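Asks: One structure, pasted below without further comment.
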Amino acid sequence: MPRLFCLRSLAISNIGHALVDFVKFAEAYGAYGQRMERPEEIKPALQRALEANWPAVIEVVVDREADASMGTSLDKIVEYEPLPDNVAVA
Numbered sequence: 000m001p002r003l004f005c006l007r008s009l010a011i012s013n014i015g016h017a018l019v020d021f022v023k024f025a026e027a028y029g030a031y032g033q034r035m036e037r038p039e040e041i042k043p044a045l046q047r048a049l050e051a052n053w054p055a056v057i058e059v060v061v062d063r064e065a066d067a068s069m070g071t072s073l074d075k076i077v078e079y080e081p082l083p084d085n086v087a088v089a
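Quick note, the sequence shown lines up with residues 0 to 89 if you use numbering that gives the first Met the number 0.
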């Protein structure tokens with residue numbers, strides 16, 4: 000199972016659907032947790048997490064085939080650019 004550690008975050012690919020319930024795991028430790036599968040759910044979930052002013056775990060399910068890479072090397076990283084609110088996200 001490929002793993003990537005970055006600062007204090009852990010990214011795991013291809014873990015299957017029921018291996019770990021990250022929301023329940025977060026709640027067991029007193030954190031806010033939410034899982035989402037649609038792009039329109041992300042912004043409200045992040046707002047709720049910020050309003051909670053408490054540790055949070057936001058699990059975002061993405062298509063396994065989607066290209067989510069930030070670039071091919073550190074000097075080629077593609078920075079995040081927010082989309083305007085009126086742009087539809089596929």
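Don't be surprised by glycine CBs; every beta carbon is placed ideally from N, CA and C. The structure presented is a predicted model; accordingly, all values stated were derived computationally and were not measured.
(1) When the Cα atoms are used, what is the spatial distance from Val22 to Ala48?
(2) Helix, strand or coil: which one does DSSP assign to Ile76?
(3) How far does the beta strand (DSSP E) with Glu58 in it extend, from its first residue to its last?
(4) Please classify Gln46: is it buried, with 16 or more other beta-carbons within 10 angstroms of its beta-carbon, or exposed?
(5) If we call anything under 9 Å between Cβ atoms a contact, is Ala65 one with Ile57?
Replies: The answer reads as follows:
(1) As a position in the sequence shown, residue 22 is number 23, starting the count at 1. As a position in the sequence shown, residue 48 is number 49, starting the count at 1. For Val22 and Ala48, the distance between alpha carbons rounds to 12 Å.
(2) Locating residue 76 in the sequence shown gives position 77, counting from the first residue. DSSP places Ile76 in coil when its eight states are reduced to three.
(3) The count along the sequence shown starts at 1 and reaches residue 58 at position 59. Start and end: Ala55 to Val59.
(4) Numbered from its first residue, the sequence shown carries residue 46 at position 47. The residue is exposed, with fewer than 16 neighbouring Cβ atoms inside 10 Å.
(5) On the sequence shown, residue 65 is found 66 positions in, with the first residue counted as 1. On the sequence shown, residue 57 is found 58 positions in, with the first residue counted as 1. No, they are not a contact pair.
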